[in-house]
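Taking it in order: structure first as structure tokens, then the write-up.
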Amino acid sequence: MAFDFDGKFAVVTGASRGIGEAIARQLDRGGARVALVARSADRLEAVAAELVNDPLVITADLSEHESIEQILTAVLAAFDGLDILVNNAAVERNQPASKVTGAAIDETLFVNLRQAFMLCSAFAKPLFASNGAIVNVSSTAATGAGGTQGAYAASKGGLNTLTKNLANEWASKGVRVNGVAPGLVDTEMWESTFERLGEDAVRSGFAKRVPMDRWGTADEIADVACFLASNRSSYVTGQTIRVDGGMTNV
Ligand code: NAP
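Be aware that the sequence shown starts at 1014, since it is given in this note's numbering, and climbs by one per residue.
If you want it as structure tokens, here you go:
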């Protein structure tokens, strides 16, 4: 799906692979200049090499406090403002609640929620100036009961609440804030689950939970994220749209 992002400047966190990479590719295809943020420099460079609108690579670790200032400085040095911020980077530490570690809770809430909020705040001024759009990548885990995903689910529930709150706070500034909540999407995020429970069993067993009887693709999430980032959704704010093949309809 092609949306018009001609002349826009965008930041996508977690753009080195999976859903973030797909969003970055679609923004670029629509004409945006995209700043790709993640830890893996090689993979970011590989994605950037295939984009056509002079992308910016920012190798940053969002588990570090300083990464916010690092990203802000790099973006404002290279871009003439900011129109679109996509908070997509996330970690998932699957641990039973009886064995969860404080370190896992801290890292999950820090990267998935705290840093997403801090990036919104850091880029407030340029986003106000451009009447920009924020898209937060959430998860159906925020509203469903995945099991052994307490910290991850809480981080995404917090992100949904942040989306609504910021949408109302910044509506008068002309900034829209929305989210997309994927269900089962075939990306590397599932590798540890495949290793733990067996890839074939997880693929076919989990698909049975989905009325559409299949996993989604990163591009199917990117389609909705880019709709929310584009002016085709100009009267939509504070919404987190589930893209899950109907999995959480019941
Ligand atoms: P993924 O393949 O694991 O990608 C995660 C991305 O986040 C990578 O680009 C990773 O890059 C980056 N990242 C992780 N920790 C980081 C850190 N400390 N600093 C900077 N970047 C970091 O996962 P995905 O499936 O594409 O997930 C993307 C988003 O969709 C996440 O918000 C996830 O919660 C959400 N989601 C996914 C699914 C699914 O089924 N796949 C379902 C629901 C929601 P580096 O490792 O290079 O840093």
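Ideal placement from N, C-alpha and C gives every residue a C-beta, glycine not left out.
>> Let me make sure I understand the geometry here. Which of Thr1261, Val1104, Pro1224, Leu1172 has the alpha-carbon closest to that of Asn1149?
In response: Ranking the options by Cα distance to Asn1149, first place goes to Leu1172.
>> Considering just the uninterrupted stretch of the alpha helix (DSSP H) at Val1198, what are its terminal residues?
In response: Annotation: Val1198 is outside any alpha helix (DSSP H) and is labelled neither H nor E by DSSP.
> Whose CA, out of Arg1189, Ser1111, Glu1105, Gly1160, lies closest to the CA of Cys1133?
Replying inline: By alpha-carbon distance to Cys1133, the top candidate from Arg1189, Ser1111, Glu1105, Gly1160 is Arg1189.
>> I want to check one thing, is the minimum distance from the CB of Pro1195 to the heavy atoms of the ligand NAP below 8 angstroms?
In response: Yes, Cβ of Pro1195 sits closer than 8 angstroms to a heavy atom of the ligand NAP.
> Do the region 1068-1082 and the region 1048-1060 make contact, defined as three or more Cβ pairs closer than 8 angstroms?
Replying inline: These segments touch.
> Just to confirm, does Trp1183 get its C-beta within under 8 angstroms of one of the non-hydrogen atoms of the ligand NAP?
Replying inline: Relative to the ligand NAP, the beta carbon of Trp1183 is positioned no closer than 8 angstroms to any heavy atom.
> Would Gly1145 pass as a contact of Leu1095 if the rule is Cβ separation under 9 angstroms?
Replying inline: Yes, Cβ-Cβ distance for Gly1145 and Leu1095 is below 9 angstroms.
>> I need the straight-line Cα distance from Ala1220 to Leu1085, nearest angstrom please.
In response: Distance between the alpha carbons of Ala1220 and Leu1085 is about 40 angstroms.
> Do the region 1177-1194 and the region 1109-1129 touch if we need at least three Cβ pairs shorter than 8 angstroms?
Replying inline: With a cut-off of 8 angstroms on Cβ pairs, the region 1177-1194 is not in contact with the region 1109-1129, counting fewer than three such pairs.
> Quick check: the region 1159-1173 against the region 1231-1246, are there 3 or more CB pairs under 8 angstroms?
Replying inline: Fewer than three beta-carbon pairs drawn from the region 1159-1173 and the region 1231-1246 are found closer than 8 angstroms, and the two stretches are therefore not classed as touching.
> Considering only C-alpha positions, which residue in the set Ser1029, Leu1049, Arg1030, Ala1015 is nearest to Ala1023?
Replying inline: Here the closest residue by C-alpha is Leu1049.
> Residue ranges of each beta strand (DSSP E) run of no fewer than 3 residues wholly in the region 1134-1204, ordered along the chain?
Replying inline: You should have 1146-1150, 1189-1195.
> Enumerated in chain order, which unbroken segments of the beta strand (DSSP E) with a length of 3 residues or greater are wholly contained in the region 1036-1109?
Replying inline: The region 1036-1109 contains these whole beta strand (DSSP E) runs: 1046-1051, 1069-1072, 1097-1100.
>> Taking the beta carbon of Arg1046 as the centre, do at least 16 other beta carbons fall within 10 Å, making it buried, or is it exposed?
In response: Arg1046 counts as buried, since no fewer than 16 other beta carbons sit within 10 angstroms of its beta carbon.
> In chain order, what residues of the same chain have a beta carbon less than 6 angstroms from the beta carbon of Ser1246, not counting five sequence neighbours either side?
Replying inline: Excluding positions up to five away in sequence, the list reads Phe1240.
> Where does Gly1020 sit, in a helix, a strand or coil, going by DSSP?
Replying inline: In the three-state reduction of the DSSP assignment, Gly1020 falls in the coil class, being assigned neither a helical nor a strand state.
> What residue does the beta strand (DSSP E) around Thr1253 start on, and which one ends it?
Replying inline: Residues 1253-1256.
>> Is Thr1200 a contact residue of the ligand NAD, with contact defined as CB to any heavy atom under 8 angstroms?
In response: Ligands in the displayed structure: the ligand NAP; the ligand NAD is not one of them.
>> Please tell me whether Ile1147 and Asn1107 are closer than 9 angstroms, where the distance is taken between their beta carbons.
In response: No, Cβ-Cβ distance for Ile1147 and Asn1107 is not below 9 angstroms.
> Does the beta carbon of Ile1234 fall short of 8 angstroms from some heavy atom of the ligand NAP?
Replying inline: Yes, since a heavy atom of the ligand NAP falls inside the 8 angstroms radius drawn around the Cβ of Ile1234.
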